[in-house]
Each structure stands twice: as C-alpha cells, then as structure tokens.
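Beneath this line is the structure, given in structure tokens, with notes to follow.
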Amino acid sequence: MKLSEVTHNDPVIITKILGHGSFRKRISEMGFVRGKEVRVIKKTPFNGPTEFKILNYNVSLRQSECEMIEVVPLDEFEINSGNNYEGTIDRNINLINQSERSRTINIALVGNPNCGKTTIFNAISGSKERVGNYSGVTVDIHKATFKSKGYTFNFYDLPGTYSLTAYSTEEIYVRKFIYEQTPDIVINVLDSTNLERSLFLTTQLIDMDLRTVIALNMFDELQKNKLELNQDALASLVGIPVVPTVSSKGQGIDALIDKAIDVFEGKDTVSRHVHINYGKDLEEAIKLIRQKVKEFKPITDKISSRFIAIKLLEKDKQILELLSNYQNFEDIKEITNKEIRKIELLENEDSETVVTNAKYSFITGALKETYNNPEEGKKTRSEKIDSVLTHKYLGFPIFTGLLFFMFWTTFKVGAYPMDWIDAGVAALGDFVGKVLPEGMLNDLLVDGIINGTGSVLVFLPNILILFFFISLLEGSGYMARAAFIMDTIMHRFGLHGRSFIPMIMGFGCNVPAILATRSMRNKGDRILTMLIIPFMSCSARLPVYILIISAFFVKNQAWILIGIYAVGIIFAFLTAQILNKTVFKNKETPFVMELPTYRLPTLRNVLYHMWDKTQHYLKKIGTIILLGVIIIWALEYFPRETKKSPQFAEQIAQIENNRELNENHKEEQINQVKTEQESDRLINSYLGRMGRVIEPVMRPLGFDWKMSIALLAGLPAKEIVVSTMGVLYQSENDENTVSLQKKLNDEVFVSGKRVGEKIFTTPTALAFLIFILIYFPCIGVVATIKNESGSWKWAAFSVLYTTTLAWVAAFVVFNIGNMLV
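Next up, the structure:
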C-alpha cells in the first residue's frame with residue numbers, strides 16, 4: 018500500500034521509494050529508505066500535508082509525495098538479512114601534529130539546521146575579540162577570531178545542511194568551503210536527541226577524510242529524555258572524539274575547544290582515519306573509481322578521492338564538472354558508468370539510493386551498539402504541543418491570533434519608547450539650534466540631519482519588537498509549523514510550502530528573506546518567491562505606516578495595520594497565481610520539510626538575533642538614510658531666493674515700520690508672511706521643481722508634489738520617505754520638530770483648484786499607504802534579486818511590475834474612497 022493510505026498513528030515499514038530525480042534523492046537522505054519505520058502523526062485540513070515521525074524526528078509531506086512511497090504494516094515486513102552492518106575500516110594512519118607548522122587553527126562548524134550550531138558559535142564568539150561576516154559566493158557566514166592557549170582561532174559558522182549532496186545552495190557552499198578553504202578542524206554539531214538523522218552528514222564528513230570533532234549538543238535533553246548513549250564507544254567506532262555540549266547554557270564549550278587543539282596537535286587517542294564499510298559490492302566499485310581518479314593529483318590534493326568516487330556513484334553533477342578538465346576524464350566516466358550499471362543490476366535499485374541505504378545501514382548498526390531509547394514509541398513533548406498548535410481546526414486560528422498579537426504589541430507597546438525618543442530628538446534639535454548661530458550649518462544639522470534621521474530613529478522600538486517576535490518564532494521551532502499550516506493555501510496559489518518562511522521573514526527585511534529562498538530546490542519556485550517577497554511589508558515600511566495611521570486613523574489602528582499587511586499578502590498570492598500560470602509553468606518540487614523539536618529559546622539567543630537584524634537598520638540610518646537626508650535637504654534648501662523674495666522682504670519691512678501695530682500683532686503678521694515665503698521657496702526649490710515634474714502623474718492618486726517627492730526619495734530605502742516628509746513639512750512655529758502627525762493633518766493645497774483644502778483626506782491616506790506597500794522595492798532588494806536570480810531581467814521586472822501595480826491600486830482606492838466618503 019501507499020503511505021497516503023496509512024491511518025493515524027499506525028506504524029508501517031517503507032519497502033520502496035518510487036519516482037526519480039530530486040524527490041527520490043531528497044526523500045532518501047531524509048531517512049525514507051527501505052526498512053525504516055514511519056508513523057502518521059496528523060493530517061492538515063483540506064487534504065493538506067501530513068506530519069510523519071521517522072528516525073525520531075517529525076517531517077511533513079504532501080499527499081502527492083506520500084503516493085510515491087510504498088509501505089507495509091509492521092508485522093508483514095520481512096527483514097532482509099543481506100542488509101548487514103559492516104562497521105568501519107581502520108586505515109591505521111598516524112595523524113600529523115599540525116602545530117609544528119602553524120599556530121592558527123581554522124575551524125568550521127557544520128551541522129543540520131536546528132541542531133544548535135549557531136548557538137555554539139554565539140557562545141564561542143560572545144566573549145571573544147572580534148566577530149564579523151565572511152562573504153562567500155552566494156552565502157554570508159559568520160566568522161569569529163580570537164586568541165587562546167597560544168593559538169589564534171578562526172571559527173566559521175557554515176549554513177545548516179542535512180547533507181553534502183549538490184542539491185541546495187547551502188549544501189554546495191558548505192562542500193566548496195570545505196575543499197577550497199580546507200579548514201584544519203571540522204566541528205560536527207549533532208542533535209543528541211536525533212542521532213540517527215544527524216549522523217547522515219557525519220558519514221559524508223568521514224568520507225571526506227577530515228579532522229573532525231563531534232559536538233554532542235543538547236546533551237541535557239538526551240539525559241532528561243532518559244536516552245542511553247555510550248559516547249566513548251561511538252567515538253571509537255567512527256574515529257572521531259565526542260564532546261557533550263549544552264550550547265544554550267554555554268556548557269562544554271571550553272572542552273570542545275580543548276579537544277579541537279588535541280586533534281590539531283595529533284594528541285587525541287580516539288581521532289583516526291577510518292572508512293565506512295559500505296559492503297563488498299560498493300567497496301569494489303569505490304576502489305576501481307578511486308584508482309582512475311588518483312592517476313592525476315590536482316583535485317585529490319584537496320578532496321578525498323574516496324569522497325569523489327562515492328559522489329560519482331551518486332551521479333553528482335558538480336563532481337563530474339570538477340573532473341571535466343582531467344586528461345583521463347572519459348576513462349573516469351566510463352569506469353563510473355560501468356560500476357553504476359553493475360550495482361543497479363545487483364541491487365535492482367538506483368545507485369544513489371544504494372549508497373544512501375548503505376549509509377543508513379551503517380548508522381543503524383552503529384547506534385544499535387551504542388544507543389538505546391527506552392522511551393521509544395511514547396508521545397514526545399513536541400507531539401503533545403503540536404496536538405494543539407497544529408490542530409486540524411485550531412491551528413489556523415491560533416496562528417492568526419499570534420500574528421495579531423505580534424502586530425498589536427509592535428504598535429501599542431512600541432508607542433511608549435517612541436514618545437521618549439521623539440522627545441529626545443526634539444530636545445537635541447532645540448539645543449543645537451540655540452547653540453549654533455542661524456545659517457546654513459544650523460539648518461543642515463537641525464532641519465536636515467537631526468530631524469531627518471530622528472524621524473526614522475523614532476521607529477527603532479517598533480523594529481526591535483517585530484524582530485524580537487520573529488526571532489522567538491524561529492528559535493522555538495514554530496516557524497516551520499507555520500509553513501506546515503499554510504501549505505494548503507500556498508499550494509493553491511502555485512507556491513511551495515517553503516515559500517512561506519521567506520515570506521514571513523520579509524516582514525522583517527526583504528533582503529534576508531530573498532536570501533532565505535536558497536533553501537528551495539527548484540529554481541522556478543525560488544524566483545517566483547523572490548518576486549512576491551517585496552509585497553511583504555518589511556520593517557522599513559513600518560515607520561511610514563505608523564506615521565500615516567497614527568495621523569489619520571485614530572480608531573482601530575491595529576486593524577488598519579493588519580489590513581495593510583493582509584493586502585500585501587493578497588497581492589503576493591494573486592501575483593504568484595498569475596506568474597505561475599504564465600511564466601513559471603514548471604513541475605512541482607516535493608514538499609519535504611523537517612518539523613524541529615519545540616525548544617524554549619534562550620533570552621541571549623533571541624536578543625542576539627534581534628540585535629543582529631536590527632543593527633542593519635541602524636547602519637542604514639547612519640549611511641544610506643543620512644546621505645539621502647542630506648541630499649533631500651540640499652535639494653529642498655537651494656536656491657534660497659525666488660522671484661517673490663524681494664516682495665516678501667518689502668512686506669516684512671512695512672510691517673516692522675507700521676507704528677499702528679503693537680509688538681504682538683507685528684510678530685503674528687511677520688510670521689504669517691514668513692510662512693508664505695517659506696512655502697514659495699519650497700515650491701521653487703530644486704526638490705519642488707522635481708515634484709512639479711512628476712506631480713501630474715501622481716495627481717490622479719490625490720498626491721501633491723511633497724508626497725510625490727517623498728515617494729521618489731524612498732527608492733534607496735523606504736525609511737527615507739518619513740525623513741523626507743520630516744524635512745518637507747517643517748514649520749518654524751512647531752515646538753516638536755520630529756512629530757509629523759499634526760503637520761500632515763494641517764497641510765493644505767496652496768495653489769490650483771483645491772486651494773485651502775486638506776491635502777490628506779481618508780481616501781488620500783489609504784491610497785498613499787497602498788502605494789508605499791506595493792511600489793518599487795528598495796535598491797538593496799533590487800540588487801539582491803539580481804544577485805540571487807543571476808539576471809537583471811527579474812530585477813527590472815520587479816521594479817516595473819510593482820510600480821505599475823502600485824499606481825493602479827492607489828488610483829482605484831482613491832477614487833472608490835472618494836465615492837464612499
């Protein structure tokens with residue numbers, strides 16, 4: 018029978034994986050191989066994905082994927098005695114003391130997603146000297162450098178990956194980093210509670226002949242769950258020293274560094290080169306292919322010839338490409354194809370699956386000797402939590418409620434520190450204005466830099482709160498459940514369930530969200546997701562939303578904010594539907610996603626990730642936004658004189674010389690003339706002239722030239738929209754130069770048919786919000802789309818499509834709004 022036919026909680030055994038290509042490769046590496054027990058946990062409503070338990074972890078599959086897996090009931094499965102555990106082959110090679118030639122140790126952290134690898138890196142880097150970003154070809158990784166115990170350490174936190182197959186961007190990058198950068202030590206971080214799944218990556222590191230140390234992370238959970246592991250026996254078997262760690266509490270970190278030094282110096286008695294014994298037939302094939310590969314040395318100086326041979330048997334295209342310049346490349350291909358045909362004939366199975374089965378046979382045998390789970394079969398804590406949070410009927414309402422609470426808190430709680438920052442910026446502006454003499458420098462600092470950047474800085478609390486929630490959801494494991502819950506909806510609009518996670522990340526910042534699409538296997542799915550991510554309201558737009566909503570929608574502010582976010586999601590889904598039926602008519606990729614164990618994120622990690630994301634916002638304020646503010650201020654400040662300047666000067670002189678007016682009346686009339694003079698100067702400034710040029714295009718939307726200029730200024734970064742409005746709507750008699758709400762409410766047309774009428778009406782404010790939501794992604798997003806898609810074509814399409822759609826949508830909202838009001 019098929020896996021799709023299995024009812025709730027019935028254990029079955031996998032007998033065969035149907036299909037081919039990427040699905041077969043990925044599903045096998047996730048542990049869906051012959052002989053493995055799998056159990057249905059729950060199904061989502063509307064024929065959505067199903068959650069399964071295999072290898073002591075949870076994973077979700079769509080119905081279409083379940084149709085490709087054949088199973089039998091537990092009591093009907095016949096154990097094949099031919100699938101024996103062969104152990105390892107000890108090479109008896111003494112390790113060299115590397116410290117004799119170098120006092121620098123380069124260490125790469127490698128592990129599955131959600132294994133605590135980055136938490137270990139944070140624990141290592143948290144108290145050390147320097148942490149920075151190490152840029153790769155397509156992936157940015159963190160690097161920590163410090164000195165300890167006579168050595169200089171360089172720690173690299175590589176992207177989380179389940180294997181070293183050339184399947185995803187992360188897998189390719191980790192593999193290339195290892196054989197191009199050749200780290201001295203690889204620390205393989207394992208999830209202690211999920212060893213059978215985690216050790217698959219370890220077998221590939223063993224194939225690569227790397228000096229490795231295993232960090233047995235979350236060791237406290239292993240003990241708490243009463244799991245029994247003979248770590249010394251496991252270490253001896255695989256030839257890799259094992260160090261228990263609890264990264265969330267910083268336990269075992271010093272021991273891990275000490276062990277890395279021992280391995281580097283060749284002093285560790287456990288560390289040795291071993292080969293996994295894959296059985297007679299595979300070992301003979303590996304030997305023959307290795308002999309051909311080793312005839313020429315260049316590539317085998319950096320990459321193990323055994324690893325190359327195994328990858329050739331797995332039909333790895335990237336390895337074939339690396340060998341394509343070899344003089345005996347055709348001979349290598351010939352012997353490889355010959356051995357593949359022989360193995361597939363003997364096993365009646367695809368050679369990739371044969372290798373994967375052999376790896377899992379080794380893992381199963383190794384754990385049978387060293388590991389015991391007396392609690393096996395009992396419902397785990399995560400499954401109990403999932404029975405509520407991903408419930409067939411309650412899951413979606415709970416998820417919606419969490420989103421509402423997140424946005425409500427961002428708006429309401431963030432209002433208090435916003436007021437404090439607002440008052441602080443205003444006080445700073447007043448102080449600088451009084452200390453410096455009147456003139457251009459005073460105006461630049463107060464009206465330009467302080468008010469411009471201050472009007473963006475004031476929204477920092479909102480950004481911090483939003484990133485806090487996103488970090489909490491990611492760290493707890495709930496973000497993957499959100500994708501599980503939403504897959505049915507996503508699938509109906511032609512999107513992959515994995516698209517949901519980058520889309521949710523887009524609420525923080527579109528740039529890392531686009532980078533997160535690397536986890537998607539199909540290029541068409543990936544580009545489609547990139548193109549709809551700009552519809553997700555990033556934190557850069559949040560200051561504009563809050564400004565307009567606070568000024569014009571006093572009631573139901575949280576609902577208006579949620580509504581704007583919801584409109585963005587609707588436009589994203591509609592765009593996906595259109596593009597999927599026109600441009601991306603590709604085959605679907607499998608929805609295979611691990612549902613990690615629920616964990617309570619540590620405050621330190623949440624704050625670290627929150628700050629890591631927020632500092633980009635602060636850097637933007639100090640770079641792009643500051644530069645934008647100065648340029649906008651200069652365009653607004655010059656020229657200082659207009660044709661009417663002498664006329665205004667004459668009016669002021671007449672008022673001053675009028676003896677019939679007392680001092681209060683004189684001041685009142687002079688201020689009125691100065692306001693008119695400033696308005697005339699703004700209209701005739703360089704910025705005003707630019708606004709006049711584009712105003713006819715924006716007038717049908719209800720926008721005046723100042724709003725048009727603010728939108729234009731937001732092209733480098735959306736936060737500049739607020740700072741530009743802060744510059745344009747300045748008025749000397751305002752006590753608080755940062756708060757724009759009152760200024761926007763008081764703004765009226767000074768020319769044309771609507772002289773004296775309010776510029777911002779409810780329909781205008783809504784149209785402005787819609788335009789901000791949809792139009793031109795910021796320069797950083799456009800550049801990222803270009804880099805990630807590999808073509809300017811998709812970046813240009815994103816710019817033209819979103820801007821055109823923004824104009825049309827704002828036009829519709831403005832005109833329908835006017836009819837209803």
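In the numbering used here, the protein residues as written are 18 to 838.
Just so it is clear, CB atoms sit at the ideal spot from N, CA and C, and this is done for glycine as well.
Contact between Pro780 and Val714 is ruled out by a C-beta separation of about 18 Å, above the 8 Å threshold.
Here Pro794 has Asn527, Pro551, Ile802, Ser815, Val816, Thr819 as same chain residues with Cβ atoms under 8 Å from its own Cβ, once five neighbours each way along the sequence are excluded. For Gly705, the enclosing alpha helix (DSSP H) has its first and last residue at 703-715. Taking C-beta atoms as the reference points, Ile549 and Thr599 fail to come closer than 7 Å.
Rounded to the nearest angstrom, the gap between the Cα atoms of Met610 and Arg509 is 18 Å.
When the five nearest sequence neighbours on each side are left out, the beta carbons in the same chain lying within less than 7 Å of the beta carbon of Trp425 are those of Ala575, in order along the chain. Rounded to whole angstroms, the Cβ separation of Ala125 and Ser264 is 16 Å, and the two are not in contact under 8 Å. A residue is called buried once 16 or more other Cβ atoms fall within 10 Å of its Cβ, and Pro656, having fewer, is exposed. Excluding the 5 residues flanking it on each side, Ile566 has same chain C-beta neighbours closer than 7 Å at Gln574, Ile577, Leu578, in chain order. Taking the Cβ atoms as the reference, Leu704 lies roughly 4 Å from Leu652, within the contact range of under 8 Å. When C-beta atoms of the region 459-478 are compared with those of the region 580-597, fewer than three pairs fall below 8 Å, so the two segments do not count as touching. Assigned with DSSP and collapsed to three states, Ala161 falls in strand. Around the beta carbon of Asp224, 16 or more other beta carbons sit within 10 angstroms, so the residue counts as buried. For Asp201, no alpha helix (DSSP H) run applies, since DSSP gives it neither H nor E.
About 11 Å separates the Cβ atoms of Met496 and Met520, ruling out a contact at the 8 Å cut-off. With at least 16 other beta carbons inside 10 angstroms of its own, Phe281 counts as buried.
Inter-segment contact for the region 118-134 and the region 189-208 is present: three or more beta-carbon pairs are separated by less than 8 Å. According to DSSP, Ala232 shares a beta bridge with Val206, Val260. Lys276 and Met522 have their alpha carbons spaced roughly 37 Å apart.
Using a C-beta cut-off of 8 Å, the region 695-709 makes contact with the region 725-739, since at least three inter-stretch Cβ pairs fall below that distance. Using a Cβ distance threshold of 7 Å, Pro391 and Lys243 count as a contacting pair. For the set Phe69, Gly511, Thr162, the Cα lying nearest the Cα of His25 is the one of Phe69. A buried status is given to Ser806, since no fewer than 16 other beta-carbon atoms sit within 10 Å of its beta-carbon. Following the DSSP letters along the chain, one finds Glu386 inside the alpha helix (DSSP H) bounded by residues 368-387. Straight across, the Cα-Cα distance linking Pro176 with Glu197 is about 16 Å. With 16 or more other Cβ atoms inside 10 Å of its own Cβ, Pro560 counts as buried.
As a beta-bridge residue in DSSP terms, Met610 pairs with Ser77. In terms of Cβ geometry, Trp650 and Gly465 form a close pair [threshold 7 Å].
With fewer than 16 other CB atoms across the displayed protein chains lying within 10 angstroms of its CB, Ser808 is exposed. Assignment of Asp285 by DSSP, reduced to helix, strand and coil, places it in the coil class.
Ile357 has its alpha-carbon roughly 23 Å from the corresponding atom of Ile86. Per the coordinates, the alpha-carbon of Phe831 lies some 35 Å from the alpha-carbon of Trp437.
Judged by DSSP secondary structure, Arg543 falls within the alpha helix (DSSP H) whose first and last residues are 540-549.
Comparing alpha carbon positions, the residue from Lys572, Ile502, Val89 closest to Arg79 is Ile502. The three-state reading of DSSP puts Asn345 in coil, since its state is none of H, G, I, E or B. Boundaries of the alpha helix (DSSP H) harbouring Leu477: 477-493, taken from the DSSP string.
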